[in-house]
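What follows is one structure encoded as structure tokens, with my remarks underneath.
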């Protein structure tokens, strides 16, 4: 059974048990009662530790977003980001793709964490698909409307949610931010049922070599899709911690705001298309 407990928003630092979710910081926000519920499961012999994020000041059921963070995985920054996106609009499952014992603290560790999944895309698809099933199971404990589910991902997480779409998952929409666009099998696009929105920076040296192949792949998809290239943005444009003034990975507040606006409309349209 998943391990569940509630943490109400406060101004203090809350430390959870090691191996579940260490160093979770719940920041104060007026007019909100954000809750983070650690959710654990074991899949193919590996334990995972994810987090369910939502505002429990609102009792109404709302759409659910399976969110896969960037390659540093489930950490304080990712939880804060999930809280901002969730607001009173969504219930979010911040999804652990690595396993509960893998929490990268630097670029080298993050690269080591993503390498096995990018090398074995079938494994990545199995993990993210299982996570979606775990998300559906949370409807008994959280106000998630399982008839309106979508997935969003950032950087490495973008690759994960695109692979969820390629697996034929029954979700309304998938949104990738500055994500890895590559695939091990372009023919999987035929399986896509979700409407797919991918947004990448025009100056993203990490993903721009994949633009042409992704566009060609998605032409074979039977589902609605859109690929948006954001001018002057590089990789990581939604990652607020990427503060270097120059470099290959840099937060861009204008690009972030624009992409979040596009996401909101894409999700609304996707949910409306599946009443």
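Numbering (this note's numbering), first residue to last: 4 to 278. Glycine residues also receive a C-beta, built at the ideal position from the N, C-alpha and C atoms.
- Leaving aside the five residues that flank residue 223 on each side, the residues in its chain whose CB is nearer than 8 Å to its CB run, in chain order, 189, 190, 192, 193.
- Residue 126 is not a Cβ neighbour of residue 162, given a cutoff of 9 Å.
- Scanning the region 88-146 for uninterrupted alpha helix (DSSP H) segments of 4 residues or longer gives 110-122, 124-140, listed from N- to C-terminal end.
- Within the same chain, 204, 206, 207, 208, 250, 251, 252, 253, 255 come within 8 Å of residue 237 by CB-CB distance, once the 5 residues on both sides are set aside.
- Contact check for residue 146 against residue 62 passes: the beta carbons are separated by less than 9 Å.
- Out of 219, 245, 277, 50, the CA that lies nearest to the CA of residue 75 is found in 245.
- Straight-line measurement puts the Cα of residue 44 at about 12 Å from the Cα of residue 135.
- Separation of residue 67 and residue 37 (C-alpha to C-alpha, rounded to the nearest whole angstrom) is 15 Å.
- Following the DSSP letters along the chain, one finds residue 161 inside the alpha helix (DSSP H) bounded by residues 159-169.
- Of the residues 197, 218, 248, the one whose Cα lies closest to the Cα of residue 225 is 197.
- Two segments are said to touch when three or more pairs of C-beta atoms, one from each, lie closer than 8 Å; by this definition the region 116-131 does not touch the region 87-95.
- Straight-line spacing of the CA atoms in residue 268 and residue 247 works out to 30 Å.
- Partner residues in the beta bridge of residue 57, as assigned by DSSP, are 38.
- Burial is judged here by how many other beta carbons sit within 10 angstroms of a residue's own beta carbon; residue 218 has fewer than 16 and is exposed.
- Of the candidates 177, 39, 165, 211, 39 places its Cα closest to the Cα of residue 58.
- By the neighbour-count criterion, in which 16 or more other beta carbons inside 10 Å mark a residue as buried, residue 151 falls on the buried side.
- Counting the other Cβ atoms within 10 Å of the Cβ of residue 111 gives fewer than 16, which makes it exposed.
- Within the same chain, and ignoring the five residues on either side of residue 259 in sequence, the residues whose Cβ sits closer than 7 Å to its Cβ are 240, 241.
- With respect to the 9 Å criterion, residue 137 and residue 199 are not classified as neighbours on the basis of their beta carbons.
- Distances from the CA of residue 212 to each of 228, 195, 181 were compared; the closest alpha carbon is that of 181.
- In the three-state DSSP reduction, residue 274 falls in the helix class (H, G or I).
- Setting aside the 5 residues that flank it on each side, residue 154 is surrounded in the same chain by 69, 164, 167, 174, 177, each with a C-beta closer than 6 Å to its C-beta; the list follows chain order.
- Rounded to whole angstroms, the gap between the alpha carbons of residue 90 and residue 270 is 15 Å.
- Taking all protein chains shown into account, residue 86 has 16 or more neighbouring C-beta atoms within 10 Å of its C-beta and is therefore buried.
- In summary, residue 229 is exposed, with fewer than 16 beta-carbon neighbours lying within 10 Å of its beta-carbon over all protein chains present.
- Between the C-alpha atoms of residue 114 and residue 128 there is a straight-line separation of about 19 Å.
- The closest CA to that of residue 102, considering only 84, 78, 83, 278, is found on 78.
- Between the alpha carbons of residue 55 and residue 201 lies a gap of roughly 24 Å.
- Secondary structure at residue 156: strand, using DSSP grouped into helix, strand and coil.
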